[in-house]
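As you go down the protein sequences, you meet chains A and B in turn.
Under this note's numbering, the first residue of the first sequence carries the number 1, and numbering increases by one thereafter.
Under this note's numbering, the first residue of the second sequence carries the number 117, and numbering increases by one thereafter.
Here the structure comes first, spelled out in C-alpha cells, and everything after it is commentary.
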Amino acid sequence: AQSVAQPEDQVNVAEGNPLTVKCTYSVSGNPYLFWYVQYPNRGLQFLLKYITGDNLVKGSYGFEAEFNKSQTSFHLKKPSALVSDSALYFCAVRDMNNNAGNMLTFGGGTRLMVKP
Amino acid sequence: GAVVSQHPSRVICKSGTSVKIECRSLDFQATTMFWYRQFPKQSLMLMATSNEGSKATYEQGVEKDKFLINHASLTLSTLTVTSAHPEDSSFYICSARDPRGRVAFFGQGTRLTVV
C-alpha cells in the first residue's frame, strides 16, 4: 500500500520569506512523486514531479522540491513567497513498480497562507 | 502541459434528477481516467477508475448504480450522478494521466449542488 503524509494543515509565511511545505511518503517500490496546487473552486494544477535523476527538481512558478530517499520525503520549497502563492497544496505518490499503478495517492493537503 | 477539460464547472439540480459531468483529455489519449470527490477542506477521495471500453472500477463504499461512469472513447469519460440527493452535493474532479510524461492532469472540477 502507498500513502502520503502532509503533517501541517496550514503553513503561514510572510511575503518575501522562504517557504517549505512538508511531505513524506510510503511505497513498497520506487516512487513517482508529485506536487499539485489548488485554488478555490478549481481543479488541481501540476507544479512539479520527481521520476528519476537529480534529487532537486524545479517546477512552475519558482517552486522546487527535494527528493530524499533516506527520509522518504519530498518537501516543496520556494526561496521567496508571494501573496499569490496562497492556496492549497497536495503532495501525491505513485508506486512505479505497482502493476495496478495508475493510481495516485494524495496527502491531506496543506493550506499555504502568505501574508503581505 | 497537457489539458484535461471538465464540464460543467457548476451545476444546481433538483433532488431526484440526474446530472452528467464530462471529462475530456484535449491533447492526448487516455485509456484510464479517474474520478474524485472532494469535501470542503479535505483531500481528494478517489471514487472510481474509468477504463476505456470496459467497466469502471469503483472504490469501496462508492455505489456504482448511483455514480454511473462511461468511458466511451480515448478522450472522454462521463460521470452521471443518478437520482441526486442533497448529500451528493460536492466538488467532483476528474483526472487523466498523460502517457508521454507520466503526469496526471486534472479537470477544473464541477461544483454540484442538489437542492
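C-beta: ideal position from N, C-alpha, C; glycine also.
Just so it is clear, the structure is predicted and the values come from calculations on it, not from any experiment.
Can you tell me which residues form a DSSP beta bridge with residue i?
{"i": "B:Ser220", "result": "Checking the sequence shown, residue 220 of chain B turns out to be Ala, not Ser. According to DSSP, which records beta bridges pairwise, B:Ala220 is partnered with B:Arg213."}
{"i": "B:Ile137", "result": "B:Leu195"}
{"i": "A:Asp95", "result": "A:Pro31"}
{"i": "A:Leu104", "result": "None; A:Leu104 has no bridge partner."}
{"i": "A:Gln10", "result": "A:Arg111"}
{"i": "B:Thr226", "result": "B:Tyr208"}
{"i": "A:Ser3", "result": "A:Ser26"}
{"i": "A:Phe74", "result": "A:Phe67"}
{"i": "A:Ala87", "result": "A:Leu112"}
{"i": "A:Ser80", "result": "Its beta-bridge partners do not exist; DSSP assigns none."}
Note down the Cα distance separating residue i from residue j, rounded to an integer number of angstroms.
{"i": "B:Gly177", "j": "A:Leu48", "result": "32 Å"}
{"i": "B:Leu192", "j": "B:Ser170", "result": "13 Å"}
{"i": "B:Ser189", "j": "B:Lys130", "result": "30 Å"}
{"i": "B:Ala164", "j": "A:Phe63", "result": "31 Å"}
{"i": "A:Val13", "j": "A:Val83", "result": "9 Å"}
{"i": "A:Ala5", "j": "B:Leu142", "result": "32 Å"}
{"i": "B:Val231", "j": "B:Phe150", "result": "26 Å"}
{"i": "B:Ile128", "j": "A:Thr72", "result": "43 Å"}
{"i": "A:Ala81", "j": "A:Asn30", "result": "31 Å"}
{"i": "B:Phe144", "j": "B:Asp214", "result": "6 Å"}
{"i": "A:Asn41", "j": "A:Ala1", "result": "30 Å"}
{"i": "B:Gln154", "j": "B:Ile209", "result": "8 Å"}
{"i": "A:His75", "j": "A:Arg94", "result": "16 Å"}
{"i": "B:Gln158", "j": "A:Gly109", "result": "7 Å"}
{"i": "A:Leu33", "j": "A:Tyr50", "result": "5 Å"}
{"i": "A:Val21", "j": "B:Gly132", "result": "42 Å"}
{"i": "A:Gln10", "j": "A:Leu112", "result": "6 Å"}
{"i": "B:Ala172", "j": "B:Arg216", "result": "23 Å"}
{"i": "A:Pro7", "j": "A:Gln38", "result": "18 Å"}
{"i": "B:Tyr174", "j": "B:Ser211", "result": "15 Å"}
{"i": "B:Thr198", "j": "B:Val119", "result": "27 Å"}
From this set, the options, which residue's C-alpha is nearest residue i's C-alpha?
{"i": "A:Ser60", "options": "A:Phe67, A:Asp54, A:Gln71, A:Phe46", "result": "A:Phe46"}
{"i": "A:Ser70", "options": "A:Ser26, A:Leu44, A:Pro7", "result": "A:Ser26"}
{"i": "A:Ala92", "options": "A:Val114, A:Phe67, A:Lys78", "result": "A:Phe67"}
{"i": "A:Leu104", "options": "B:Gln145, B:Val119, B:Leu160", "result": "B:Leu160"}
{"i": "A:Pro116", "options": "A:Val11, A:Gly16, A:Gln2", "result": "A:Gly16"}
{"i": "B:Glu179", "options": "B:Thr196, B:Leu228, B:Ala212, B:Thr148", "result": "B:Thr196"}
{"i": "B:Thr148", "options": "B:Gly132, B:Ser199, B:Asn186", "result": "B:Asn186"}
{"i": "B:Thr194", "options": "B:Ser166, B:Leu162, B:Gly132, B:Tyr174", "result": "B:Ser166"}
{"i": "A:Leu56", "options": "A:Ser28, A:Lys78, A:Tyr36, A:Val114", "result": "A:Lys78"}
{"i": "B:Glu203", "options": "B:Arg140, B:Pro156, B:Glu168", "result": "B:Pro156"}
(request) Please specify which runs of the beta strand (DSSP E), each continuous and at least 3 residues long, are wholly inside the region 21-69 of chain A, giving them in chain order. (result) 24-26, 31-38, 44-50, 56-58, 64-68
(request) Tell me the start and end of each unbroken beta strand (DSSP E) in the region 146-195 of chain B that is at least 3 residues and wholly inside, in chain order. (result) 148-154, 160-167, 183-189
(message) Quick check: the region 135-143 of chain B against the region 77-88 of chain A, are at least 3 beta-carbon pairs closer than 8 Å?
(response) no
(message) For the pair the region 119-128 of chain B and the region 213-231 of chain B, tell me if three or more CB-CB distances fall below 8 Å.
(response) yes
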